[in-house]
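Chains A and B are the protein sequences, given in the same order.
When we follow our numbering, the leftmost residue of the first sequence carries the number 40, and every step to the right adds one.
When we follow our numbering, the leftmost residue of the second sequence carries the number 153, and every step to the right adds one.
Ideal Cβ placement from N, Cα and C applies to all residues, glycine included.
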Amino acid sequence: MIYGLNSVGKAFGKGKHCSVAVHNVSLNISQGEQIALLGPSGSGKTTLFRLLNGSLFPSTGKLLYRQTDVAAMSHGELRAMRRRIGSIYQQHCLVMNMSVLANTLSGALGRWGLVSTLRNLANPRAAEVELAEHCLESVGLADKRRFRCEQLSGGQQQRLAIARTLMQEPDVILADEPVASLDPVLANEILELLIRLTEDAKLTLVTSLHQVDLALRNSKRIVALRAGQVAFDVPTQELDPSELAQLYRSSRGQDAPVLTSFDESGGEPDGPESGERACLR
Amino acid sequence: MAQSLASAPAFADTGTRFVGKWRLPVGLSLLLWAAWVSNVDLRVLFSKQTFAALFDLLRRLFPPDLSLPFVKVALHATYTTAATALIATAISSVLALPLGVLASGRLWRTGMIAADGNGRAGSWMAPISWIVLHFMGVVRSVPDLVWALLFVAGMGLGPTAGTLALIVSYTALLARVYADVFDEADVRPLEALQSLGATRLQILLFGILPQSRALLTSYTLYSFECSVRSAAVLGFVGAGGLGYEISLSMRLFEFPQVLTLLACFVLLLFLVDVLSRVLRTKLKAHPETSPELRQDSAFARHLRRRWLIGLALTAVLFLSLSPSGLTRSSLLQGDTIHNLIRFARGLFSPEISGSFLKEIGRLALQTISISIVGTAFGAALGLLLALPATRFSAARHESLDRSLGRRLQSEAIFWTARMTLNILRAIPELVWVLVCVIAVGFGPFAGAIALALHTGGVLGKLFAETMEDSPQEQVEAMLALGASPLQCIFWALLPQSWPMMRRYILLRWDMNLRVATILGLVGGGGLGQALYNEVQLADFGKVSTLIAAVIVLVIGSEWLGQPSARLEVQT
């Protein structure tokens, strides 16, 4: 098992300004699974992603990565964990005025010490370049290695983001709305590429999507979030269409909370952690 | 490989590589030449005598003079300096806004928006805009200290001369900066506005100003910080405030008093820094950038706060008028106008004998090399200090340094670096020159070292701020893939900010060339020494020629600098 989430909650801010993004989420994710994460805007998908890739820590509950509690990890263990988790974002995660090759190489940062970090910036090692070129080749960008990132189109940039993730040699790929800013044809292409690559290497893939049809077509398990909670978690073929319709309809309703605010929660919290915890109760 | 490059010639990097290849050796040989001309001698710099002299100076500074009468004098001088800077910045930013609009190339001279139709490239205003731009350039190329020197000669000692000098030079500076900011706004929304029939004024109000707002306030705040420093330094030539007291105490060998005054100065700068930091964050808050402002009540509070800031600022400005010397009686003293006319007449009969021109040429070369060495050493020093002084916006990433030990350690390093930068930056170049003269003797070398120390502080702070302000998503992505903060600096923050940082270095070099012309006023070599002597001797013919030389030097550097800056932006 890669991930084990045991009633995980995440709140931001404290006291009056506290808002709950993820609440009481329990999930298990095993090696090699392909999961699509659905849910309307603001339902907590991005927060869940940032919890999974170690950018955030749960305010309540336990998040286990390979049976280890993330909250109890040392600095080194955390970095080791992040090295094995590849993240792909909607956009803006590449360094625009660096070359395609350099952006790909930066996927290996977690493996390098200070000397390699500096050396590879000026004159990258041949072995690393070879690996990076291999990654670029597998996403079909081999001929663009000398381009600057900003010269790439949106779809190409997303391919580059995938190449950088491959450079990490990850176990898990987390993709947070990876195709939200692409047209349908390109979106399909990118998703198919992601799935092909993860299947080849037997990686775990978690993708959050806005496009329900893409999710149904490309994944084996659907996890739906609504207002920070798991609405349903089923294998794709067992999915009930009416449930799916409900998921998006309720979010359009007037009183449906997107981020639940707890304005009435009184009392002075004595620290950010306990504050977050208090507002999840 | 070759084939794919050939198929996309517009994107191939071979063209830019060529420039890149020559940049380094050319730059290095220029630096070596400059180091040779300005007598750089690293052996002297790191010799035993140097350290002994510095140590002796440090010993004689302590303890600071904290007797009540002197503390009163120091506080009053601080007050005068702050008021001068505030008034000058306020007046210059108001004057500079219309001038900046006039000088904007995009509005009047080039591109779609400037075109009036009838097949002309620019509008009928284009020549006026061009003249404004270049007149501001000429005014700006005379250092504020020289303006102060002239105003003091014309109106006598006191803060009025300093305030006027600051207004003149900061109006010119800000007008140029504003014009640049306007021209850097994204052109697509502007063309969209134009295509739906917006007039030039509407394009300015609804397209350019909203885009430029953040940068305008940021640069204005920055120029206020600079003007505090300038206001203090202007005292060195008799324009009141802290600098006047410092030079007085130095001349009387009252080093403990110097320390008190410097402490006041640093304190003032610290307050200004805090104030501008607070204002920056308050002004940065905007519904689009801070989600909490999307609530109506929070937004109303935000607006109220803004009004309060505005009111407070107006009150402070009103109170500052009298200490800054901008009163009717001081401006219209009986003989001020008479003096100014006599002085202006002297300026229009410059001395142009061959031997004098030759001397000027030698001094000009020396001035240039001081500025090059000072900027290059300063940029290196600044970069070195900026790395530990950059703070990540850790709010977005909770896992940074979770253990208390690591956090304390990095906090200590961070604050040490920030403090060093602040001290380097806080102490004006001219005071650094006085210190360096004690360490390595009179001459251009002292000037270059002084310039490098101050430039290091200025650039270091800017570098750190640029890296902090550059997009953080990339950093988050890199941290998420297991990179350390230091790796993020080298692989994301530094490459992202480098174009901006390069611009800062060039801008600073431009400024340093101006500074290098005045380092001589206190023994740092270059044109300044001659200028000071001739003003003291009231030989305004020679003063006129020397000022012309300064203008030629600075404008020449801009001519040289401009194409290179354009190249830098492109590559």
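Where does residue i fall in DSSP's three states?
| i | result |
| --- | --- |
| R456(B) | helix |
| K49(A) | strand |
| V59(A) | strand |
| G305(A) | Because G305(A) sits at a pLDDT of 38, beneath the cut-off of 50, its placement in the model cannot be relied upon, and the following sentence gives the value as read from the coordinates. Note: G305(A) maps to coil in three-state DSSP. |
| D725(B) | This structure leaves residue 725(B) out entirely; chain B is present only between 153 and 723. |
| G125(A) | strand |
| R195(B) | helix |
| W151(A) | coil |
| I707(B) | helix |
| G310(B) | coil |
| W276(B) | coil |
| L180(B) | helix |
| K241(A) | coil |
| I524(B) | helix |
| Q354(B) | helix |
| G392(B) | coil |
| S622(B) | coil |
| C174(A) | helix |
| A531(B) | helix |
| S190(B) | coil |
| N323(A) | The question about residue 323(A) has no answer here: the residues shown for chain A are numbered 40 through 320. |
| A378(B) | The sequence given here has Cys at residue 378(B), not Ala. C378(B): helix per DSSP, three-state reduction. |
| C416(B) | helix |
| P97(A) | coil |
| I542(B) | The identity of residue 542(B) in the sequence shown is Thr, whereas the question assumes Ile. Looking at T542(B) - three-state DSSP - the assignment turns out to be coil, as it is neither helix nor strand. |
| V424(B) | helix |
| A498(B) | As written in the sequence, residue 498(B) is Gly, which differs from the Ala given in the question. Of the three classes helix, strand and coil, the one that applies to G498(B) here is helix, per DSSP. |
| V284(B) | helix |
Leaving aside the five residues before and after residue i along the sequence, list all residues of the same chain whose C-beta is less than 8 angstroms from its C-beta, in chain order.
| i | result |
| --- | --- |
| D206(B) | In the sequence on display, residue 206(B) carries Leu and not Asp. Around L206(B): V587, I590 and A591. |
| F131(B) | Any answer about residue 131(B) is impossible in this case: the structure gives chain B only from 153 up to 723. |
| S696(B) | G498, L499, F500, S501, P502 and E503 |
Pull up the DSSP beta-bridge partners for residue i, would you.
| i | result |
| --- | --- |
| G43(A) | N67(A) and L103(A) |
| G477(B) | G477(B) pairs with nothing; no bridge assigned. |
| P77(A) | Looking at the sequence shown, residue 77(A) is not Pro but Leu. L77(A) pairs with A263(A). |
| G247(A) | The sequence shown places Ser at residue 247(A), not Gly. In the DSSP output, where bridge partners are listed per residue, S247(A) has L76(A) and D215(A). |
| P274(A) | R260(A) |
| D108(A) | L103(A) |
| Q1(A) | Residue numbering for chain A in the displayed model covers 40 to 320; residue 1(A) lies beyond these limits and cannot be assessed. |
| S138(A) | R187(A) |
What does a CB cutoff of less than 7 angstroms around residue i pick up in its chain, not counting 5 residues either side in sequence?
| i | result |
| --- | --- |
| W282(B) | R261 |
| M288(B) | L251, A255, A324, A327 and R328 |
| Q293(A) | Any reading at Q293(A) must be qualified, since the residue scores a pLDDT of 42, below 50, and its modelled position is unreliable; no value is offered. |
| E172(A) | A181 and R184 |
Identify, in the order they occur along the chain, each residue of the same chain with its Cβ nearer than 6 angstroms to the Cβ of residue i, setting aside the five sequence neighbours on each side.
| i | result |
| --- | --- |
| G534(B) | G608, L611, G612 and F615 |
| G43(A) | N67 and L103 |
| Y287(A) | P79 |
| L421(B) | A578 |
| K259(A) | Q73 and T275 |
| I601(B) | C588 |
| P223(A) | none |
Comparing the CB of residue i with every heavy atom of the ligand SAH, is any distance shorter than 8 angstroms?
| i | result |
| --- | --- |
| R256(A) | Although the ligand SAH was asked about, the structure shown includes no ligands whatsoever. |
Worksheet item: Residue ranges of each alpha helix (DSSP H) run of no fewer than 4 residues wholly in the stretch 633-674 of chain B, ordered along the chain?
Response: Within the stretch 633-674 of chain B, the complete alpha helix (DSSP H) runs of at least 4 residues are 637-640 and 646-668.
Practice prompt. Evaluate contact between the stretch 640-652 of chain B and the stretch 574-588 of chain B, counting only Cβ atoms and requiring at least three cross-stretch pairs below 8 angstroms.
Written response: Cβ pair count under 8 angstroms is below three, so no.
Discussion item. Quick test of the definition: if touching needs 3 or more C-beta pairs under 8 angstroms, does the stretch 525-539 of chain B touch the stretch 593-610 of chain B?
Written reply: In this structure the stretch 525-539 of chain B touches the stretch 593-610 of chain B; the number of beta carbon pairs closer than 8 angstroms is three or more.
Worksheet entry | Ordered list of alpha helix (DSSP H) runs contained in the stretch 560-605 of chain B, each at least 4 residues | Runs found: 581-592.
Worksheet entry | Three or more C-beta pairs below 8 angstroms linking the stretch 317-329 of chain B and the stretch 291-308 of chain B | Yes, the stretch 317-329 of chain B is in contact with the stretch 291-308 of chain B.
Discussion item. Counting beta carbon pairs with one atom in the stretch 239-252 of chain A and one in the stretch 207-218 of chain A, are three or more of them shorter than 8 angstroms?
Written reply: yes
Worksheet item: Is the stretch 43-50 of chain A touching the stretch 99-113 of chain A in the sense that three or more CB pairs, one from each, lie closer than 8 angstroms?
Response: Three or more Cβ pairs closer than 8 angstroms define a contact, and the stretch 99-113 of chain A meets that threshold against the stretch 43-50 of chain A.
Worksheet item: Can at least three beta-carbon pairs, one atom from the stretch 461-469 of chain B and one from the stretch 658-667 of chain B, be found at a separation below 8 angstroms?
Response: With a cut-off of 8 angstroms, the stretch 658-667 of chain B and the stretch 461-469 of chain B do not count as touching, because too few Cβ pairs lie within range.
Practice prompt. Give a yes or no on contact between the stretch 138-158 of chain A and the stretch 195-210 of chain A, applying the rule of three or more CB pairs nearer than 8 angstroms.
Written response: yes
Fill in: Sufficient close CB pairs (3 or more, under 8 angstroms) joining the stretch 196-213 of chain B to the stretch 387-403 of chain B
no
Discussion item. For the stretch 214-230 of chain B against the stretch 401-417 of chain B, do three or more pairs of beta-carbon atoms, one drawn from each stretch, fall closer than 8 angstroms, so that the two count as touching?
Written reply: yes
Discussion item. If contact is defined by three or more beta carbon pairs under 8 angstroms, each pair taking one atom from either stretch, is the stretch 594-605 of chain B in contact with the stretch 674-689 of chain B?
Written reply: yes
Worksheet item: Is the number of C-beta pairs between the stretch 231-241 of chain B and the stretch 379-386 of chain B that are closer than 8 angstroms three or more?
Response: yes
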